[in-house]
Amino acid sequence: MEDQNKNLILATALSALVILVWVVFFPPETPPNTQPGQQTTTQTAKTGTTGQQVAQAPTAPEKAAGAPNATAAAASVETRAQALAQSKRVPIDTPRLSGSISLKGGRIDDILLNDYHTEVDPKSPKITLLSPAGGPGAYYVLYGWAPVGKLDYSEVPGADTPWQVESGDKLTVKTPITLIWNNGKGLTFRRTISVDKNYMFTVRQTVTNNTGAPVEVAPYGIIARHGDPKVAGYRILHEGVVASADDRLIEITYKKMKKLDPLKGEPGLGEERKVDKNGWIGFTDKYWMTTLVPFKGQSFTAVAKYLPKRSIYQTDARLPIMKVAPGKTVEARTMLFSGAKEWETIRNYQDRLGIEQFVDSIDWGWFFFLTKPIFQVLHFMNKVLGNMGWAIISLTILIKALMFPLAYKSYVSMARMKELQPEIEKLKERVGDDKQKLQQEMMKLYKEKKVNPAAGCLPILLQIPIFFSLYKVIFVTIELYHAPFIGWIRDLSAPDPTSIINLFGLLPWDAPAPGSPLSILSLGVLPILLGISMWLQQKLNPAPADKMQAQIFAWMPWVFMFMLGRFASGLVLYWVANNTITFTQQYIILRSQGVKPDVFGNIISSFRRKKPDTTPSKK
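All residue numbers for the sequence shown refer to this note's numbering, where the first residue is 1187 and numbers rise by one.
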């Protein structure tokens, strides 16, 4: 019995240690304040590092078209609405997206996600993904043509080019829009933008050459973020540049972008990579992503860069130089994803459009071989049951069912250990204080009876990677964002909102705020159920005779209760369900082996005060 308790204590303590290390070493960082970015100057043509000639895309926003000696200067304003009002716009209106496209530069710089809100309340503001330059948190997409040879930036469309609407008065799923700009020197540029029912734009750029001489231009796409983006700030979550270059996933955090090497021939720090056939590049947040996606088979140069003087983060997709003969038109088509990182939506894009590794834009972590299948099962259960909370409980039942053979052997071994208890007591009496001899005799007895004393802790140890994998899934996947369960649990990605401090809302004062020192004491219903379920699981066995072990057992459920109290409700729900199923399995298996756990007796004995031993010691 003592060995069994030691194994259980060891496994439980190890679980607690891992969780404690997790909490200590991966706390949320303070999100940096977003600072408005400034404008940059022009760039020149260059040759790519791989030898393929490409035109260098300008730093966003680049020199204004028609003003060779002046840089674009968007006036900084206090509000997003004021920044939007500085240019004429074409509305975006789809079931899932709303916003507008600026005719100044033809920028896609105003995107709101209709299905997602800042708070659980559906009346709260929609999530704002892209915002215009000159306003707070500027984050936008810019397309254009880089000049090559005799052309200069005044002859190609730039950040401040005054585009005109040629067709379409509103961008919808069924109605694309076409913008047009003539440089007055024989070149006519058109940009046709369409969007599907979810989050994928298609941008078709053409240039018609009526100059009478051949010209060379190179299409590009730019995603620019001004200032330090507001991020979730967890070290276990990647936020920053995410890209795929011919089956290689690339991730660069905002912090690492500031430490990149200087780019050759252009300002700023950065890294560029030649993509031969398949790739994409952009910025990812916890739940949202904006990504430039060239069509499958299209070669391009992917560039991630940071401009320290202007505090601008930028990703470029630079396509090869195109030659335009007199009287001819050339076309460049690329895609743009700007929306929520929904697994099913992204996976469909990956399969249907051949966007390799697109689903890996979701940060599955080191345990991807567990997190991916766990999420897929969770997603399937949610579709069947229509509730993510019940899906988590169903997933827990499935995991316990898969682990049942091991659990059965473990609990049978525990039952046989109890049967051996009288023989172990006799061994103790026979060998006395010789601990080495006692250990040898006990191991001999275990071998004869074919009992593994370590089997009792294996199911608990196997729960650790599953626990962290589920934690990762719940933390990074948007499918749990504002997902309700029952009653007071309206967001499984957030901690239980109830608090014992105000008796779960019965008393007329609010619970401590999350940043308050008292918030750790503000336990909700689910964490309390977690502590109780662990405590009941312990009561399947009598308290250890050893006082130290007994104290560890007594405190362990309540330590876990406080440690996990501020975790996402979905994770605590899993733990409660897991403890409940484990208790039921263990009770039934022990009974089937002839062992009758005295749960109520063990509970009652734990509340009794032990009388001090008054027996006189022998001298």
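Note that CB positions come from ideal geometry on N, CA and C, so glycine has one too. Remember, it's a predicted structure, so these values are computed and weren't measured experimentally.
- In the DSSP assignment, residue 1533 forms no beta bridge with any residue.
- Judged by pairs of C-beta atoms under 8 Å, the region 1504–1524 touches the region 1477–1491, as three or more such pairs exist.
- The continuous stretches of beta strand (DSSP E) do not include residue 1711, which lies in the alpha helix (DSSP H) extending over residues 1711–1724.
- Residues 1599 of the same chain have their beta carbon placed closer than 6 Å to that of residue 1638, with the five preceding and five following residues left out of the count.
- Annotated as distal: residue 1722 and residue 1783, with beta-carbon spacing of 7 Å or more.
- For the region 1424–1458, the full-length beta strand (DSSP E) segments reaching 3 residues or more read 1426–1431 and 1434–1439 along the chain.
- Beta-bridge analysis with DSSP links residue 1286 to 1277 and 1296.
- Per DSSP, the continuous beta strand (DSSP E) segment holding residue 1475 begins and ends at 1474–1480.
- Contact annotation, residue 1290 with residue 1348: C-beta distance approximately 7 Å; criterion of less than 8 Å satisfied.
- Proximity of the region 1295–1304 to the region 1356–1368 falls short of the contact definition, fewer than three beta-carbon pairs being nearer than 8 Å.
- Across the set 1716, 1544 and 1656, the C-alpha of 1656 shows the shortest separation from the C-alpha of residue 1564.
- For residue 1744, the CB contacts under 7 Å within the same chain, skipping 5 residues up- and downstream, are 1717 in chain order.
- Each residue's CA atom was taken as its position, placing residue 1446 and residue 1455 some 5 Å apart.
- Comparing alpha-carbon positions, the option among 1495, 1380, 1596 and 1766 lying closest to residue 1779 turns out to be 1596.
- Counting along the chain, residue 1522 sits inside no alpha helix (DSSP H); it lies in the beta strand (DSSP E) bounded by residues 1515–1526.
- In chain order, 1306 and 1670 place their CB closer than 6 Å to the CB of residue 1676, counting only its own chain and leaving out the 5 sequence neighbours on each side.
- In the structure shown, the three-state DSSP call for residue 1613 is helix.
- Comparing alpha carbon positions, the residue from 1615, 1315, 1322 and 1468 closest to residue 1297 is 1315.
- Residue 1383 carries a coil assignment under DSSP once its states are collapsed to helix, strand and coil.
- In this chain, the beta strand (DSSP E) harbouring residue 1504 covers 1498–1504.
- DSSP places residue 1353 within a strand segment (E or B) once states are collapsed to three.
- Of 1561, 1758 and 1341, the smallest CA-CA separation from residue 1402 is found for 1341.
- In this structure, the CA atom of residue 1484 is about 14 Å from the CA atom of residue 1459.
- The beta carbon of residue 1697 sits closer than 6 Å to the beta carbons of 1685, 1687, 1688 and 1708 from its chain, once the five residues preceding and following it are set aside; these are given in chain order.
- Annotation for residue 1761: the continuous alpha helix (DSSP H) segment containing it runs 1755–1778.
- The beta carbons of residue 1326 and residue 1319 sit about 6 Å from each other, so the pair counts as a contact at 8 Å.
- Remark: C-beta atoms of residue 1624 and residue 1617 approach each other more closely than 7 Å.
- Excluding sequence positions up to five before and after residue 1668, its CB lies within less than 6 Å of the CB of 1306 and 1677, all in the same chain and listed in chain order.
- Residue 1676: not part of any alpha helix (DSSP H); DSSP gives it neither H nor E.
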